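Worksheet for the structure shown next.
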């Protein structure tokens with residue numbers, strides 16, 4: 008569609024808009040509630056890694072969130088939730104938000120990111136099948152849905168089990184059926 012999106016770290020003023028985006032993009036409030044719970048968890052939240060894509064009037068339309076997790080004992084980030092308001096899906100807003108979030112993580116010196124998502128979507132950012140690196144979950148998901156990315160060639164992906172923070176374990180999330188791009 009050729010839209011140019013403004014990407015930036017969320018501000019306090021964006022919190023309501025981020026919740027609205029997640030409520031509109033998903034069939035239940037689970038993802039919106041998860042974002043709020045992660046924001047309140049100092050062991051998960053990393054300032055600057057909640058990124059919005061905004062239109063030319065600076066109205067947030069997309070959101071990508073990276074929070075702390077571990078692959079066994081190695082620090083990593085989890086990419087999720089990612090959401091775009093339904094009226095702006097498939098316009099590049101999601102791609103812009105995710106790309107900006109990954110760039111912000113790189114600039115903070117982070118090395119590894121995992122995502123549980125659509126295997127046709129996330130490889131555009133460099134994600135590959137987690138099992139190819141010995142990365143696994145404690146829950147049963149399609150093998151190609153768990154993907155991982157090294158943000159730094161000097162730090163290859165570690166193998167092991169992904170350990171999410173408490174808000175993820177408490178969330179009632181279902182594997183999504185569409186892209187929200």
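Residue numbers (the working numbering): 8 to 188.
All C-beta atoms, glycine included, are put in the ideal place defined by N, C-alpha and C.
Because the structure is a prediction, the values reported are computed rather than measured.
Residue 56 is a Cβ neighbour of residue 112, given a cutoff of 8 Å. Residue 82 is classed as exposed because its beta carbon has fewer than 16 other beta carbons within 10 Å across all chains shown.
Residue range 100 to 114 is occupied by the alpha helix (DSSP H) that includes residue 108, with no beta strand (DSSP E) assigned at that position. In this structure residue 122 does not touch residue 142 by the C-beta definition: roughly 11 Å separates them, more than the 8 Å allowed.
A direct Cα-to-Cα measurement between residue 177 and residue 136 gives close to 25 Å. No Cβ-Cβ contact shorter than 8 Å links residue 59 with residue 49. Between residue 156 and residue 132 the beta-carbon gap is near 7 Å, inside 8 Å, which marks them as a contact. With respect to residue 12, residue 99 sits close: the two C-beta atoms are nearer than 8 Å. DSSP, read as helix, strand or coil, puts residue 25 in helix. With respect to residue 75, residue 90 sits apart: the two C-beta atoms are not nearer than 8 Å. The bridge partners DSSP lists for residue 143 are 168. By the Cβ-count criterion, residue 19 is exposed, with fewer than 16 other Cβ atoms from all chains shown falling within 10 Å of its own Cβ.
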